[in-house]
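Trainee: Protein chains in written order, with the numbering used here: chain A, 1 to 221; chain B, 1001 to 1304; chain C, 2001 to 2501. The structure is given below, and queries will be raised subsequently.
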Amino acid sequence: MHTIAELIIVFIILLDLALAVTGSLSVCIRLVAAQGVVAGLLPLLASSEGPASRALVFAVVIILLKGAIFPWLLMRARDKSGAHKDVEPLITYPASIMLCLGAFIASSWLGSRLPLPKTEVAWIVPASLATIFTGFMLITTRSKAITQVLGYLVIENGIYIFGLALFVEQPMMVELAILLDVFVAVFVMGIAIFHISREFDHIDTAELSELSDWRRGEYGK
Amino acid sequence: MEIIKPFIQFLAVMFLSPLLLGVINRVKALFAGRRGQPLCQLYWDLYKLFMKTPVYSRTTTWVFKGGPVIAVSAVVAALAVLPFAGRQSFLAFEGDFIFLIYLLGLARFFTVLAALDTGSAFEGMGASREMQFAVFAEPAFFLGLAALSRVTGQTSLAGMFGTLTSATWAAAAPVLILLTASFFMVLLAENSRVPADDPNTHLELTMIHEVMVLDHSGPELAYILYGASLKLWLFGALIACMVLPRGGSWAADTAVFLLFMVAVAAAVGVVESVMARLRMIKVPYMLITAFAFSALALIFQMGR
Amino acid sequence: MIYALLLVPFCAGVLAFIIRNDAARRRLLVSAAWLHAALTALCAADLLLGGSLSAALPGWAQGVSVWFAFDPLGMVFLCITSVLFLGASHYAVAYLASEKRDPGEDSDDGFIFNNAPEAVFTGCLLLFLAAMTAVTSSRHMGLLWASVEATTLLSAPLIYFHRTKRSLEATWKYLLICSVGIALALVGNLFLGAAALKNGAGLDIGGLMAGAAALDKPLLKAAFIFLFVGYGTKMGLSPFHTWLPDAHSEAPAVVSALLSGALLNCAFLGILRANAVCAGAGLADFTGGLLVLFGLFSVLTAALFMLGQRDYKRMLAYSSIEHMGILALGAGLGGGAAFGAILGAFSHSLAKAGLFFTSGLVLAAEKTKRIADVKGLRARAPRTAMLWLAGFFIITGTPPSGVFLAKFTILREALLRGHYWTAAAFLVFLAILFAGMARFFISMIYGTREPRPGEKPFAEPAGMLAPAAAFFILVVALGLYLPAWLNSLISSAAAGMGGAL
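Take a look at the structure:
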């Protein structure tokens, strides 16, 4: 079972790398969805005795949410905002992948330094930290509003895996509340993307720069 | 018998490697709906070229003539340390994987030097591209071998592949899968196959390897073609040694190994048939991916 | 009772989406606010009397729960929220009515824009209150996190009430920065859970506090750092404050008031909860140092940015950052300063809400947010100008007011403990802030005004003036006389927030 879990971890990291190099928005959305689904499968495999019914229910909810509902919402946002083009990174793809690798090296180091409980599945802590870093990279180095939402979701995936690594079992109600929050967040952000595309004719966040204390020319003339 | 086995293996490699290019061509022909060249076409080509009198440009020097010879000798020497079907080769020693990498680098260096020696801007462009991609391919290859050395705890190629058993696979499957993928990408790039380069192209905009050898003729061209087939064998054998299970008799292992080499060649043919060549600017992306795979494998292995 | 407290705004919020009649919906808003305030008062009284009130209730109405309960700390913040919302609801009714009559015209951009549907606005306002109530009453760190995130999501539509490009930009930044920041707080929660793994405390606040000494120290430190950055983003501590001036300047006045007065405090509560657990585990010096450092840095940032402001709502937003810095400073110093921090939270919320209410009036009178374009407010809207001036004196900590008392307490504590550099820096920053703000307020209120062509005289709606005036009077009263019950509530809250004692 552990080898399968390790393979899933490797797969998750490869998805991070793929996210760093993928140029197409729709592929990015699918990659994030795949990552969410795969991460949702992890708890079923990590326990050596058969999965508990609670874990099963939870996995089903997560897979449904991250594998079906989020991609659907985001695809809709993409279609309605007319953003069919590339993700338009602010740095080159090789630089992205190098950042990703650097993040992974840093998180391996960090993972070995942190006084965390011992995990049976290797690399789960570095993988989760690297996923969080990748999410931050997507938010900061991509110019579209929709990729920022994707980055948020990747961070969420990373945190979820991190939680698995730490064995922190939150009560069902709290877990569901967190999921509900993430769902509403994506929903509200999707609505905001509609409005941004309507007001600005596109969803490039470089345009969202009118409010500032520095640029005297454009604001408060 | 045990003493001559490595030599038999070595001779088999020397003799069989041109067959791989034939297999690739046949697979491509199959996909294109053609009948294709005979499997042994390269042998005839080599024979024909050796019979010819070479023609030299007046601007060239001994470097131009020596380049292909040195390149092919370097690859032959490299094959002497490479294990065959996981069995020891006759030149194996500790740390020989670095030797192998440097021999390949030497071969590339002299090929490039010979290309530059013609003084043609066209070949200089090819040389520049060749080196540009080598910058990405070599670290990927080197890191991959280093990771493999970490997995097995050995520093000779023969040792690495000798200790690589199905138990190793069970313990470190993710690392080995990553390495296999990385090596396959390096194989495609190093042997100028699609999607990194197109061996059949004659457009100057897209040529990389072919453009460097345009001025060679006769025996020198034969050396280059033969060296290319040996190099393909070298990378194919690395992958084969990594993936194949062992433990049968020498004959059985060898048979499986040879079959697998044909399969690798067929896989290259399939890739060439179903994929388009990458844009020149995207080739480094593929190699960086290979590099990322190798690096990940190494990091994983260190973190265990 | 707690469930009633949560359900009243929640149900009213859902209802507000359904009701079609504007007048009915506004009545609903005000009555829900009053009901919430009354229930809060009951709960507070119950807490002060040691539970004798709720004991008198029949069993089904007591509503004891593992998830929600009040302690003095949560209760203080609930009181702030409830009082603030009460004022805001009255203001909102007057505001919505005036927006209906006179739809927004933005002279900064020179175009007329639409507003979001009033039903959505009112509904989100009430749901926002429900989420904040949940923040103050939750007894589980995970639930606290979920509630704080819910406040972000529910307040985002409120910021985008005026459908302009700039408010959209502010909304997007707010959503994204706060969501990502709060995601970090989730990592902090996980660390906290890992720290408690050995003694099996879970994330229940009571359990964590009880077993704090046995927690794993390095993990607890990591947990605090993540929680601090996460909730600090939401609270507007510098350098995580970047969303705050944008959101506060573009939101309608009533929303700015609630964001500044109630929402930032809720995030502060998250930090205080973590701080209390760390203090229990003997890490008070570590957490206190962080709080003092970032608190001072926030005051410094606010002071520097104050100097070059061109927009009076952004100016108020930076003043909020300043006060959040002061609260963090007070919490970090601990002891008497903790008392000052809670008192500061109380009086800042009231004063800042009053100022934002007044800023809404200024905007209505002058149709611009640019400081340079507002001159001689005295002539155009005399009562507004008076409030504006009063608000300035109160918020900068001129005695007598609760704000002054809070700042003074914190400063005194810093000196008593020998943090002379901290105290000196604090004083210098406050002086810069006072001078910077005075310049703008005076130039806005005094000076000669040139009437714009085609301008109608401005009638100051009493419904918008009254809440601001009431809040200002309350703050001044707090500075003069602190009732014994409030004093004991604040003292026990200060005792419950940890800090370097």
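Note that beta-carbon positions come from the ideal geometry of N, C-alpha and C, so glycine has one too. As the structure is a computational prediction, the values presented were derived from the model and not from experiment.
Please list the terminal residues of the continuous alpha helix (DSSP H) segment that includes V154(A).
Mentor: In the first sequence, the residue the question calls residue 154(A) occupies position 154. Taken as a continuous stretch (DSSP letters only), the alpha helix (DSSP H) holding V154(A) covers 145-166.
Trainee: When the Cβ atoms of the stretch 110-129 of chain A are set against those of the stretch 141-155 of chain A, are three or more pairs found closer than 8 Å?
Mentor: In short, these stretches do not touch, since the Cβ pair count stays below three.
Trainee: Using DSSP with H/G/I as helix, E/B as strand and the rest coil, what is F2339(C)?
Mentor: Position 339 of the third sequence, counted from the first residue, corresponds to residue 2339(C). DSSP places F2339(C) in helix when its eight states are reduced to three.
Trainee: Chain C beta carbons: is any one of them nearer than 8 Å to that of M75(A)?
Mentor: Here residue 75(A) is taken as the residue at index 75 of the first sequence, counted from 1. False, the Cβ-Cβ gap to chain C never drops below 8 Å.
Trainee: For R2412(C), tell me which candidate among F2471(C), Y2312(C), M2132(C), A2337(C) has the shortest Cα-Cα distance.
Mentor: As a working mapping, residue 2412(C) is identified with position 412 in the third sequence. When each option's Cα is compared against that of R2412(C), the closest is A2337(C).
Trainee: Please list the partners that L1296(B) has in chain A, where partner means a Cβ-to-Cβ separation under 9 Å.
Mentor: For the purposes of this step, residue 1296(B) is taken as residue 296 along the second sequence, with counting starting at 1. Those are V10, I13, L14, L17, L101, F104, listed as they occur along chain A.
Trainee: Could you name the residues of chain C that M137(A) contacts, counting a contact when the two beta carbons are closer than 8 Å?
Mentor: Working through the first sequence from its first residue, we reach residue 137(A) at position 137. Here the premise fails: no neighbours, minimum Cβ distance about 12 Å.
Trainee: Please list, in chain order, the chain A residues whose beta carbon lies closer than 7 Å to that of F1183(B).
Mentor: Translated into positions along the second sequence, residue 1183(B) becomes position 183. Chain A residues near F1183(B): none, gap ~16 Å exceeds 7 Å.
Trainee: Compare the C-beta of E2169(C) against all C-beta atoms of chain A and say whether one is closer than 8 Å.
Mentor: Here residue 2169(C) refers to the residue found at position 169 when the third sequence is read from its first residue. Answer yes: the Cβ-Cβ gap between E2169(C) and chain A drops below 8 Å somewhere.
Trainee: Which bits of chain C does V188(A) rub up against, with CB to CB less than 7 Å?
Mentor: As a working mapping, residue 188(A) is identified with position 188 in the first sequence. Those within 7 Å of V188(A) in chain C are L2153, A2156, L2175.
Trainee: Which residues of chain B have a Cβ atom closer than 7 Å to the Cβ of L7(A), listed in chain order?
Mentor: In the first sequence, counting from the first residue as 1, residue 7(A) sits at position 7. Within 7 Å Cβ-Cβ: A1173, P1174.
Trainee: May I ask you to list, following chain order, the residues of the stretch 54-76 of chain A that have a beta carbon less than 8 Å from some beta carbon of chain B?
Mentor: Of all residues in the stretch 54-76 of chain A, none has a Cβ within less than 8 Å of some Cβ in chain B.
Trainee: Looking at H2557(C): is its Cβ nearer than 8 Å to the Cβ of S2260(C)?
Mentor: The structure shown does not extend to residue 2557(C), since chain C spans only 2001 to 2501, so no value can be given for it.
Trainee: Strictly below 7 Å CB to CB, what residues from chain A border Y1285(B)?
Mentor: Mapped onto the second sequence, residue 1285(B) falls at position 285. Neighbours of Y1285(B) on chain A, chain order: V21, Y93, P94.
Trainee: For R30(A), which of T147(A), H2(A), R142(A), A122(A) has the nearest alpha-carbon?
Mentor: Your numbering for residue 30(A) matches position 30 in the first sequence. Nearest of T147(A), H2(A), R142(A), A122(A) to R30(A), Cα basis: T147(A).
Trainee: Taking only beta-carbon atoms, is P115(A) less than 8 Å away from chain C?
Mentor: Counting from one through the first sequence, the residue named residue 115(A) turns up at place 115. It does: the Cβ of P115(A) has a partner Cβ on chain C nearer than 8 Å.
Trainee: Identify the residues that DSSP records as bridge partners of P89(A): which are they?
Mentor: On the first sequence, position 89 is the one that residue 89(A) refers to. R142(A), per the DSSP bridge assignment.
Trainee: Could you work out which residue in V1264(B), V1268(B), A1237(B) is closest to Q1088(B) when comparing CA atoms only?
Mentor: Numbered from its first residue, the second sequence carries residue 1088(B) at position 88. Q1088(B) has its Cα closest to that of A1237(B), out of V1264(B), V1268(B), A1237(B).
Trainee: From the DSSP output, in three-state form, read off D204(A) for me.
Mentor: In the first sequence, residue 204(A) corresponds to position 204, counting from 1. In this structure, D204(A) counts as strand in the three-state DSSP scheme.
Trainee: DSSP has S24(A) in a bridge; who is on the other side?
Mentor: If you number the first sequence from 1, residue 24(A) lands on position 24. In the DSSP output, where bridge partners are listed per residue, S24(A) has D86(A).
Trainee: CA-CA distance, S2107(C) and I2473(C)?
Mentor: The residue labelled residue 2107(C) in the question sits at position 107 within the third sequence. The residue labelled residue 2473(C) in the question sits at position 473 within the third sequence. Residue confidence is low: S2107(C) scores 49 on pLDDT, short of 50, so the model does not pin down where it sits. No coordinate-derived value is stated.
Trainee: With H, G and I counted as helix, E and B as strand and the rest as coil, what does DSSP make of H2140(C)?
Mentor: Within the third sequence, residue 2140(C) is the residue found at index 140, counting from 1. Three-state result, H2140(C): strand.
Trainee: Does any residue of chain B have a CB that is nearer than 8 Å to the CB of A206(A)?
Mentor: As a working note, residue 206(A) is residue 206 in the first sequence. Not closer than 8 Å to any Cβ of chain B, the Cβ of A206(A) fails to qualify, so no.
Trainee: Applying the criterion that 16 or more other CB atoms from any shown protein chain within 10 Å of the CB defines a buried residue, is L2415(C) buried or exposed?
Mentor: Here residue 2415(C) refers to the residue found at position 415 when the third sequence is read from its first residue. Answer is exposed; the Cβ neighbour count stays below 16.
Trainee: Run through the stretch 2038-2081 of chain C for me and flag every whole beta strand (DSSP E) of 3 or more residues, listed as ranges in chain order.
Mentor: Fully enclosed beta strand (DSSP E) runs of 3 or longer: not present.
Trainee: Sort V2229(C), A2281(C), A2213(C) by Cα distance to L2186(C) and report the nearest one.
Mentor: Counted from its first residue, the third sequence places residue 2186(C) at position 186. That would be V2229(C), whose Cα lies nearest to the Cα of L2186(C).
Trainee: Any C-beta of chain A sitting closer than 8 Å to the C-beta of S2179(C)?
Mentor: Taking the third sequence and counting its residues from 1, the one referred to as residue 2179(C) is at position 179. Output row for S2179(C): interface = yes.
Trainee: Between S2107(C) and chain A, is the shortest Cβ-Cβ distance under 8 Å, so that the two count as touching?
Mentor: Locating residue 2107(C) in the third sequence gives position 107, counting from the first residue. Summary for S2107(C): the model assigns pLDDT 49, below 50, so the residue's position carries little reliability; its value from the coordinates is reported in the next sentence. Chain A, which has no Cβ nearer than 8 Å to the Cβ of S2107(C), makes this no.
Trainee: Determine which residues of the stretch 2190-2204 of chain C have a Cβ less than 7 Å from any Cβ of chain A, and write them out in chain order.
Mentor: Those residues of the stretch 2190-2204 of chain C that come within reach of chain A (Cβ to Cβ, closer than 7 Å) are L2190, G2193, A2194, L2197, L2203.
Trainee: With 8 Å as the limit, tell me which residues of the stretch 123-149 of chain A have their beta carbon closer than that to any beta carbon of chain B; keep them in chain order.
Mentor: Those would be W123, P126, in chain order.
Trainee: What distance in whole Å lies between the Cβ atoms of M1212(B) and E1130(B), which are believed to be in contact at a cut-off of 8 Å?
Mentor: Against the second sequence, residue 1130(B) aligns to sequence position 130. Against the second sequence, residue 1212(B) aligns to sequence position 212. Yes, they are in contact, since the Cβ atoms of E1130(B) and M1212(B) sit about 6 Å apart, within 8 Å.
Trainee: Cβ of L211(A) less than 8 Å from any chain C Cβ?
Mentor: Taking the first sequence and counting its residues from 1, one reaches residue 211(A) at position 211. Chain C, which has a Cβ nearer than 8 Å to the Cβ of L211(A), makes this yes.
Trainee: Run down chain A in chain order and give the residues with a C-beta less than 8 Å from the C-beta of G1303(B).
Mentor: Taking the second sequence and counting its residues from 1, the one referred to as residue 1303(B) is at position 303. The contacting residues are S108, G111, S112, A122, W123, P126.
Trainee: For the alpha helix (DSSP H) that A2195(C) lies in, which residues bound it at each end?
Mentor: The sequence position of residue 2195(C) within the third sequence is 195, counting from 1. Run containing A2195(C): 2165-2195, per the alpha helix (DSSP H) assignment.
Trainee: Relative to chain A, which residues along the stretch 2456-2467 of chain C have a C-beta separation below 9 Å, given in chain order?
Mentor: Correct list: empty, as no residue qualifies.
Trainee: Apart from the five residues on each side of it in sequence, which residues of its chain come closer than 6 Å, Cβ to Cβ, to A2493(C)?
Mentor: The residue given as residue 2493(C) occupies position 493 in the third sequence. So the qualifying residues of the chain are P2072, L2073, V2076, I2342.
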